[in-house]
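Chemist: In our numbering, the protein residues as written are 8 to 235.
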Amino acid sequence: MEEERYQDVCSYIRTLIERGELHLGDRLPTERALSLALGVSRGTVRDGLRLLESMGVLESRQGSGNYLSNHMGRYLAQSLHFMLLLGEIDYQSINRMRRAIELQSYRIAVQRCTPEQIHALWSIFDDMERTRCVETDEAFHAALIELGGDPLMQTVMESLSDVIGKLIAQFLSRGAQDILVQTLDSHRRILECLEHRHLEAGCTAISRHYDIIDAEIARWQAERKHTT
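1. By alpha-carbon positions, which one of D33, E38 and L56 ends up nearest to Y74?
2. Near I131, which residues of its chain fall below 7 angstroms by C-beta distance, leaving aside the five closest residues on each side in sequence?
3. Compare the C-alpha of E38 against each of H233, V52, L83 and C17 and name the closest.
4. Taking the beta carbon of F89 as the centre, do at least 16 other beta carbons fall within 10 Å, making it buried, or is it exposed?
5. Which two residues bound the contiguous beta strand (DSSP E) that contains L75?
6. Using the DSSP secondary-structure output, state which residues sit across from R39 in a beta bridge.
7. Does the distance from the CB of D169 to the CB of Q111 come in under 9 angstroms?
8. Does the beta-carbon distance from L179 to R139 come in below 9 angstroms?
9. By DSSP, does E66 sit in helix, in strand, or in coil?
10. DSSP on R34, reduced to helix/strand/coil?
11. Using DSSP with H/G/I as helix, E/B as strand and the rest coil, what is G155?
12. For L191 versus M135, is the C-beta spacing smaller than 9 angstroms?
So, in structure tokens, the structure goes:
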């Protein structure tokens, strides 16, 4: 049926990418060109393009056309937010995934990171120690994941951090000295292990950090249950 052929637009764009005829940042064929190539109406083409845009695959620029983009992470975060609201996932599952990604990234980083990269992480840690804000915490973890060199892990971690970031900020803003000290100590330990190329000790330090967050999540949930 005509109304179901919007999926053909997605398949056609994938084919163009596979053939090397379309690259990131390139302008997509016009609606008219797509309509003629696929033998479907322009309305069906628009439906297909809207689907691709909702996936973060293309960016529509008014008066210019549609361009192949890489905003999938942004839309992944939105999907995760809805999954959280609908009860399909919870903060513990988000934290488990963050832990797994960071452990794997650390295993790679400990083998290949440079002294300059470690120095940059220490600079972020110094900012974290001074400001004690969630932005520097996120910057630290993002930099560590980046050392792993896997773009998929980076994208997923960014999305997960976007979902859980406000909750972690709430933990840090409570003013509880113990949680601040514990999180700073865990970050420092991770960095020390990375600097000395200690694999197992570094993985233990990362797990310890996420154990702290898990405990705070459990405490927060208990408080919510008590007040509702």
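Here a beta-carbon is modelled for each residue, glycine too, at the ideal position from N, C-alpha and C.
Modeler: On the basis of the supplied data:
1. Within the sequence shown, residue 74 is the residue found at index 67, counting from 1. When only C-alpha atoms are compared, the closest one is D33.
2. What you label residue 131 is simply residue 124 of the sequence shown in a count that begins at 1. If we look at I131 and ignore the five residues flanking it on each side, its Cβ neighbours are T143, A146, F147 and A150.
3. Start at 1 with the first residue of the sequence shown, and residue 38 comes out as number 31. Checked all of H233, V52, L83 and C17; the closest Cα to E38 is V52.
4. Translated into the one-based positions of the sequence shown, residue 89 becomes position 82. When all chains shown are included, F89 counts as exposed.
5. Translated into the one-based positions of the sequence shown, residue 75 becomes position 68. Segment G72 to L75, the beta strand (DSSP E) holding L75.
6. Within the sequence shown, numbered from 1, the residue matching residue 39 stands at position 32. DSSP, once it has assigned bridges, lists no residue as partnering R39.
7. In the sequence shown, residue 169 corresponds to position 162, counting from 1. In the sequence shown, residue 111 corresponds to position 104, counting from 1. Not a contact, by the Cβ cut-off of 9 angstroms.
8. Walking along the sequence shown from the start, residue 179 turns up at place 172. Walking along the sequence shown from the start, residue 139 turns up at place 132. Yes, the pair counts as a contact, with Cβ atoms nearer than the cut-off.
9. The residue given as residue 66 occupies position 59 in the sequence shown. Note: E66 maps to strand in three-state DSSP.
10. By 1-based counting over the sequence shown, the position of residue 34 is 27. Three-state result, R34: strand.
11. On the sequence shown, residue 155 is found 148 positions in, with the first residue counted as 1. Of the three classes helix, strand and coil, the one that applies to G155 here is helix, per DSSP.
12. Within the sequence shown, the letter at position 184 stands for residue 191. Within the sequence shown, the letter at position 128 stands for residue 135. Closer than 9 angstroms, so yes.
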